[in-house]
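Chains Z and Y are the protein sequences, given in the same order.
Note that the working numbering has the first sequence beginning at 11, numbered continuously upward.
Note that the working numbering has the second sequence beginning at 11, numbered continuously upward.
Every residue gets a Cβ at the ideal spot worked out from N, C-alpha and C, and that includes glycine.
Remarks on the structure that follows.
Protein chains: 2
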Amino acid sequence: MEVVETLTNAQFQTVYNIVSFALAAMSATTVFLLAVTPRVLPRYRLALIVSAMVCFIAAYHYLRIFDSFGDAYVAVGAGMPGVQETFELVKGDGFNEGYRYVDWLLTVPLLLFETIAVLALPLAVRRSLLWKLIPASGLMIILGYPGEITAEIASKAIWGALSTIPFLYILYVLFVELSKAAKTQPNQVGKELAGLRWLLLATWGVYPISFAFPMIGFDGADAFVYRQIGYSLADVLAKCLYGLLIFKIARIKSLDDSQEFAAEEMKEAPSSKGAAA
Amino acid sequence: MEVVETLTNAQFQTVYNIVSFALAAMSATTVFLLAVTPRVLPRYRLALIVSAMVCFIAAYHYLRIFDSFGDAYVAVGAGMPGVQETFELVKGDGFNEGYRYVDWLLTVPLLLFETIAVLALPLAVRRSLLWKLIPASGLMIILGYPGEITAEIASKAIWGALSTIPFLYILYVLFVELSKAAKTQPNQVGKELAGLRWLLLATWGVYPISFAFPMIGFDGADAFVYRQIGYSLADVLAKCLYGLLIFKIARIKSLDDSQEFAAEEMKEAPSSKGAAA
Chain Z
11 MEVVETLTNA QFQTVYNIVS FALAAMSATT VFLLAVTPRV LPRYRLALIV SAMVCFIAAY
71 HYLRIFDSFG DAYVAVGAGM PGVQETFELV KGDGFNEGYR YVDWLLTVPL LLFETIAVLA
131 LPLAVRRSLL WKLIPASGLM IILGYPGEIT AEIASKAIWG ALSTIPFLYI LYVLFVELSK
191 AAKTQPNQVG KELAGLRWLL LATWGVYPIS FAFPMIGFDG ADAFVYRQIG YSLADVLAKC
251 LYGLLIFKIA RIKSLDDSQE FAAEEMKEAP SSKGAAA
Chain Y
11 MEVVETLTNA QFQTVYNIVS FALAAMSATT VFLLAVTPRV LPRYRLALIV SAMVCFIAAY
71 HYLRIFDSFG DAYVAVGAGM PGVQETFELV KGDGFNEGYR YVDWLLTVPL LLFETIAVLA
131 LPLAVRRSLL WKLIPASGLM IILGYPGEIT AEIASKAIWG ALSTIPFLYI LYVLFVELSK
191 AAKTQPNQVG KELAGLRWLL LATWGVYPIS FAFPMIGFDG ADAFVYRQIG YSLADVLAKC
251 LYGLLIFKIA RIKSLDDSQE FAAEEMKEAP SSKGAAA
């Protein structure tokens, strides 16, 4: 993770605001998911609480990233006639991006857990899927880290390729094995689950692209700013939007499972669900 | 967003206190709305939780605005005989008002969502209204931003006018289409809904007025202070008071929907028959 020495005012403000936006989104989604837990049947609540924990852990790390970034640069030349204001790195290691890897190591397995938990599959199926997904996700992040911190292109490429193997395995489990296991889900849930998987693929795809920036010769302050934007937006989509979709699936399944619950939650009689199926 | 170089002691304290007041109001209303959620029927609780999220996100941004404002100015000349104390801007970009736009981009769609959610309209109607209101509100805020950051009057006027188009469309949907959809609501709810819409119109009206200050030649430190007061008070009314009105509507509808709930919630039962609990 190359730390840039000099940023323009606009570059500094952009990173500052995007990190603040991610922090706001993560913390608000944490509170929201905890507050709506009683809006689904008890069997789906653990999935929502785990989604809230993912956002909570991310909110904590974004608070650290925000403070670390603010402390790492100092404004130079502001208000001096004929001088362009810049932001200069005060300490060689001031901006700690290691927080991102610690965050992913904790949240990515939990994201996979919530995906399986919300489907309320039979215990044996659930357990078998989790035993494949969670170790693979840990391996994916651990193998990516040496590639992120090295400045050598060759070693970056090797670690990047190694990290891609468990990533592809996760996709195989989610798109092939999970599809078989989730065949008995209501129609609308099948559609939502497909959306969930594509969201996961699209947002996780941002990380290797940002990772590969130096390998394609895209470097310096602009690359740094784009990488921060890419990581932050991908995190918001992969955690907040993902959590909201988990809530939506839990909600659809709850209303589908129990007519009594549906009647209490909605003015419309549960007969309307026939139209959606 | 013009940042003023010098503020008097009174001007500095005024902005400081009004921003602190907004932060106190937003955070207290967040906790209040979450705490009263069980005081309405399940079908209205999502509207209250979303209202709480609006206040939560705003509280976060007021905390950032408060810190940013406090850090941006330094007291000069305090206690020096014959010298008037002033507050001088320390860094050219110290006071970040971008937080306000990030806040509105997140909270205004949620405000419209809670307005529709609390009416418990049929799903198809609700969905159609939200598909009109939410994209329009995003457009309104995004189009306003370039006008806010520019110093040129002409460009300010153009972006302001463009931003007004989706605003008028939102008013049309709320005052015409929503009225038709909400015809079946109980009488008292109709009255409250009217109040809600007028509050929205009155408070949202403050933003374009503050926006237009430089266009009418009202500029400098006084304009800066009045703009901060205007934005902060409008935010408190549009979010805290609005959230409390949403709670009032949800409460009226809950008591109206279920005699059992009404009997449990009130000492005096609405009718003698329902009091046998």
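Looking at residue i: is its Cβ nearer than 9 Å to the Cβ of residue j?
i, j, result
"Z:ALA82", "Z:LEU99", "yes"
"Y:THR125", "Y:LEU184", "yes"
"Y:PHE79", "Y:VAL128", "no"
"Z:LEU203", "Z:ILE144", "no"
"Z:ALA212", "Z:ILE180", "no"
"Z:GLY170", "Z:PHE221", "yes"
"Y:ILE151", "Y:TYR111", "yes"
"Y:ARG2", "Y:ALA130", "Residue coverage of chain Y in this structure runs from 11 to 287, which leaves residue 2 of chain Y outside it and unanswerable."
"Z:LEU121", "Z:LEU210", "yes"
Please report the straight-line C-alpha distance between residue i and residue j, rounded to a whole angstrom.
i, j, result
"Y:GLN195", "Y:PRO132", "12 Å"
"Y:VAL86", "Y:LEU153", "38 Å"
"Z:ASN27", "Z:TYR241", "13 Å"
"Y:LYS190", "Z:THR174", "55 Å"
"Y:GLN23", "Y:ASP77", "14 Å"
"Y:THR47", "Y:ARG74", "28 Å"
"Y:TRP208", "Z:ASP232", "46 Å"
"Z:ALA134", "Z:LEU140", "10 Å"
"Y:MET225", "Z:GLN198", "52 Å"
"Y:SER264", "Y:LEU51", "5 Å"
"Y:ALA35", "Y:THR117", "16 Å"
"Z:ALA167", "Z:THR160", "10 Å"
"Y:LYS201", "Y:GLY253", "16 Å"
"Y:ALA248", "Y:LEU33", "14 Å"
"Y:ARG237", "Y:ALA273", "47 Å"
"Z:GLY230", "Y:ARG261", "56 Å"
"Z:SER30", "Z:CYS250", "14 Å"
"Y:THR96", "Y:PHE234", "15 Å"
"Z:ALA287", "Z:ASP267", "Only weak support is given to the placement of Z:ALA287: the predicted model assigns it a pLDDT of 34, under 50, and the value that follows is read from those uncertain coordinates. If I take the Cα positions, the gap works out to 13 Å."
"Z:THR16", "Z:TYR109", "21 Å"
"Y:LEU56", "Y:GLU158", "33 Å"
"Z:PRO156", "Z:PRO176", "16 Å"
"Z:PHE123", "Z:ILE256", "11 Å"
"Z:LEU188", "Z:ASP113", "25 Å"
"Z:GLY104", "Z:ASN19", "18 Å"
"Z:LEU172", "Z:VAL14", "27 Å"
Classify residue i as helix, strand or coil using the three-state DSSP reduction.
i, result
"Z:GLU158", "helix"
"Y:THR40", "helix"
"Z:LEU99", "strand"
"Y:ALA192", "coil"
"Y:VAL86", "strand"
"Y:GLY17", "Note that residue 17 of chain Y is Leu in the sequence shown, not Gly. Of the three classes helix, strand and coil, the one that applies to Y:LEU17 here is strand, per DSSP."
"Y:GLU270", "helix"
"Y:PRO132", "coil"
"Z:GLU107", "coil"
"Z:PRO52", "helix"
"Y:PHE228", "coil"
"Z:ALA286", "Confidence at Z:ALA286 is low in this model, with a pLDDT of 40, below 50, so the placement of that residue is unreliable and no value is reported for it."
"Y:GLY253", "helix"
"Z:MET63", "helix"
"Y:GLN238", "helix"
"Y:VAL93", "coil"
Please classify residue i as buried or exposed, where buried requires at least 16 neighbouring CB atoms within 10 angstroms.
i, result
"Y:GLN21", "buried"
"Z:ARG137", "exposed"
"Z:PHE228", "exposed"
"Z:ASP163", "Per the sequence presented here, residue 163 of chain Z reads as Ile, with Asp not at that position. Burial call: exposed."
"Z:LYS193", "exposed"
"Y:ASN106", "buried"
"Z:SER165", "exposed"
"Y:TYR70", "buried"
"Z:GLU275", "buried"
"Y:VAL186", "exposed"
"Z:VAL93", "exposed"
"Z:ILE38", "Note on residue identity: the sequence assigns Ala, not Ile, to residue 38 of chain Z. That one is buried."
"Z:GLY205", "exposed"
"Y:GLU270", "exposed"
"Y:ALA88", "exposed"
"Y:VAL84", "exposed"
"Y:TYR72", "buried"
"Y:ALA91", "Per the sequence shown, residue 91 of chain Y should be read as Pro rather than Ala. Y:PRO91 should be labelled exposed."
### Task
State whether the stretch 39-46 of chain Z contacts the stretch 54-67 of chain Z, with contact taken as three or more CB pairs (one from each stretch) at a distance under 8 Å.
yes
### Message
So, does the stretch 234-248 of chain Z touch the stretch 204-222 of chain Z, judging by three or more C-beta pairs under 8 Å?
### Response
yes
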